[in-house]
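Below you'll find the structure, written out as structure tokens, and then a few comments.
Residue numbers (the UniProt record's numbering), protein chains in the order written: chain A, 1 to 183; chain F, 1 to 324.
See below:
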């Protein structure tokens with residue numbers, strides 16, 4: 001490490017789980033470190049810090065992203081939702097409930113990333129986004145188990161709770177669709 | 001990570017002005033930020049170009065697509081027009097990375113991502129691409145996933161992009177804004193073979209900014225297929241972007257580009273030439289694939305890529321022939 005070098009700082013604003021924060025960050029700071037170290041939101045986890053494991057997944061301007069690969073300074077003005085922001089008024093989301101029902105975790109370390117990622121998977125499917133296993137790119141994909149596995153491939157679980165995770169995401173997708181059909 | 005200055009460009013002129021020696025353009029950052037963390041890249045300044053007004057996909061009257069360089073990979077793959085008119089391009093983008101990474105990654109950045117050769121990514125190892133003249137341990141080291149075509153004494157790295165392979169088959173071109181004005185580079189000329197200066201991945205000069213990718217229309221059956229070590233979220237061992245037009249049992253037009261085999265997306269011109277006007281049958285596909293792969297010079301641990309590439313060509317063309 002070169003001891004002569006001086007850190008560069010920048011002022012940014014982030015809207016995190018509905019609360020606005022003015023922050024002074026080192027330009028080198030990842031969004032993940034900013035959330036964990038500056039804002040004390042330690043739900044988002046640092047697994048690999050290289051975008052390979054997905055434990056740091058958050059919703060960045062409504063889309064899932066690896067917070068470890070995002071420089072905080074580059075996302076000035078962004079709206080961020082972390083696992084701490086998924087529950088509403090003290091009530092877990094349908095997806096969080098499904099993870100409990102279907103045994104979608106063991107040690108829990110990857111779970112915040114799995115939950116944020118799966119929240120976005122439901123939204124992406126709703127918007128008709130295809131995946132690598134979608135046969136007909138012209139049509140709207142249906143979230144079957146193969147689709148869920150492919151779409152969740154950016155989230156590793158070293159305990160191997162994948163079977164429960166796939167079931168949980170499938171259950172949440174069906175519940176969401178059923179609620180929409182009612183409405 | 002070395003400290004760096006951060007500037008956000010509001011216009012392309014701004015970006016060019018802010019770009020100086022030691023500066024890098026920042027798109028989604030999914031590769032660059034990682035390389036900075038690894039100590040492989042040490043920019044003194046980042047010029048963020050992700051908010052430049054290059055975020056649109058335009059279908060032009062002639063049927064070509066103009067894709068802005070700042071378009072997200074997810075947006076490109078989800079775009080209904082792209083899915084309708086160039087499904088192979090959407091397939092290729094969806095074959096790359098993960099949902100999270102595709103949300104951050106941009107079209108321009110996808111083209112300019114660096115090799116995932118493990119020696120390049122390890123700042124403690126020699127690497128001619130990272131540190132010219134330091135040597136290439138991959139030649140006699142862990143090269144199972146490296147190049148079989150077009151490599152040199154100096155470098156056996158592969159280009160990691162899936163999207164670029166589809167663009168190569170589609171005869172796309174890249175719009176570039178540089179200090180000397182604007183120019184258009186055919187995608188096949190953007191990336192280089194390593195030769196004696198593998199530190200240069202592309203023909204771009206310092207300060208050059210990719211602003212868009214132009215994809216001419218191609219209305220024949222096409223497909224992107226990727227073979228990797230796990231079912232998803234891994235770089236290609238070998239991939240193929242292929243299109244085939246058959247009329248009366250004869251090949252009228254064919255496009256074949258391979259990924260994971262060379263320092264650039266490998267357009268299989270020899271195979272294409274062998275096939276044009278030939279009967280669209282398995283034996284001909286096999287002969288064409290072999291003509292191309294006669295050029296291969298596998299390394300100690302990657303000779304498996306030769307039959308893999310051959311089978312991928314034959315199988316994909318056979319399937320496309322059935323649709324044609």
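All C-beta atoms, glycine included, are put in the ideal place defined by N, C-alpha and C.
| Query | Result |
| --- | --- |
| Report all residues from its chain with a CB closer than 7 Å to the CB of residue 10 of chain A; omit the five preceding and five following residues, and keep chain order. | 25, 27, 73 |
| State the beta-bridge partners of residue 226 of chain F as determined by DSSP. | F:239 |
| Given that residue 186 of chain A touches chain F, what residues does it touch there, using C-beta distances under 7 Å? | Beyond the ends of chain A as shown, which are 1 and 183, falls residue 186 of chain A; an answer cannot be given. |
| Which residues in the same chain as residue 96 of chain F place their Cβ atom closer than 6 Å to its Cβ, once the five residues preceding and following it in sequence are excluded? | 162 |
| Alpha carbon to alpha carbon, what distance is there between residue 67 of chain F and residue 16 of chain F? | 21 Å |
| Give me, in chain order, the residues of the same chain whose beta-carbon lies closer than 8 Å to that of residue 106 of chain F; leave out the 5 immediate sequence neighbours on both sides. | 27, 28, 50, 69, 70, 71, 72, 73 |
| Hey, could you find the ends of the beta strand (DSSP E) residue 37 of chain F is sitting in? | Counting along the chain, residue 37 of chain F falls outside any beta strand (DSSP E), though it belongs to the alpha helix (DSSP H) covering 32–37. |
| Is it buried or exposed for residue 95 of chain A, if we count other Cβ within 10 angstroms and need 16 for buried? | buried |
| So what's residue 184 of chain F in DSSP terms, helix, strand or just coil? | strand |
| So that I know if they touch, is there some Cβ in chain F lying closer than 8 Å to that of residue 140 of chain A? | no |
| Output the residue ranges of the beta strand (DSSP E) runs that lie fully inside the segment 226–295 of chain F and measure 3 residues or longer, sorted by chain position. | 238–247, 250–259 |
| How do the segment 242–258 of chain F and the segment 207–214 of chain F stand: do at least 3 beta-carbon pairs fall below 8 Å, yes or no? | no |
| Since residue 48 of chain F is in the beta strand (DSSP E), which residue starts that stretch and which ends it? | 45–48 |
| Quick check: residue 111 of chain F and residue 174 of chain F, are their CB atoms within less than 8 Å of each other? | yes |
| Is the Cβ of residue 29 of chain F closer than 8 Å to any Cβ of chain A? | yes |
| Secondary structure at residue 109 of chain A, three-state DSSP: helix, strand or coil? | coil |
| Go to residue 321 of chain F, then tell me how far its alpha helix (DSSP H) extends in each direction, as first and last residue. | 305–323 |
| Over the uninterrupted beta strand (DSSP E) stretch that includes residue 355 of chain F, give me the two end residues. | With chain F running from 1 to 324 in the structure shown, residue 355 of chain F is simply not present. |
| Answer yes or no: does any C-beta atom of chain A fall closer than 8 Å to that of residue 3 of chain F? | yes |
| Could you pull out every residue in the same chain whose Cβ sits closer than 7 Å to the Cβ of residue 83 of chain A, ignoring the five residues on either side in sequence? | 43, 44, 112, 115, 116 |
| For residue 296 of chain F versus residue 274 of chain F, is the C-beta spacing smaller than 8 Å? | no |
| Quick check: residue 203 of chain F and residue 189 of chain F, are their CB atoms within less than 8 Å of each other? | yes |
| So residue 171 of chain A is in the beta strand (DSSP E); what residue range does that whole segment cover? | Not the beta strand (DSSP E): residue 171 of chain A falls in the alpha helix (DSSP H), residues 162–182. |
| For the segment 243–250 of chain F against the segment 140–158 of chain F, do three or more pairs of beta-carbon atoms, one drawn from each stretch, fall closer than 8 Å, so that the two count as touching? | no |
| Please look up how many angstroms separate the CB atoms of residue 46 of chain F and residue 143 of chain F, rounded, as I've assumed it's under 8 Å. | No, residue 46 of chain F and residue 143 of chain F are not in contact; Cβ-Cβ is about 32 Å, not under 8 Å. |
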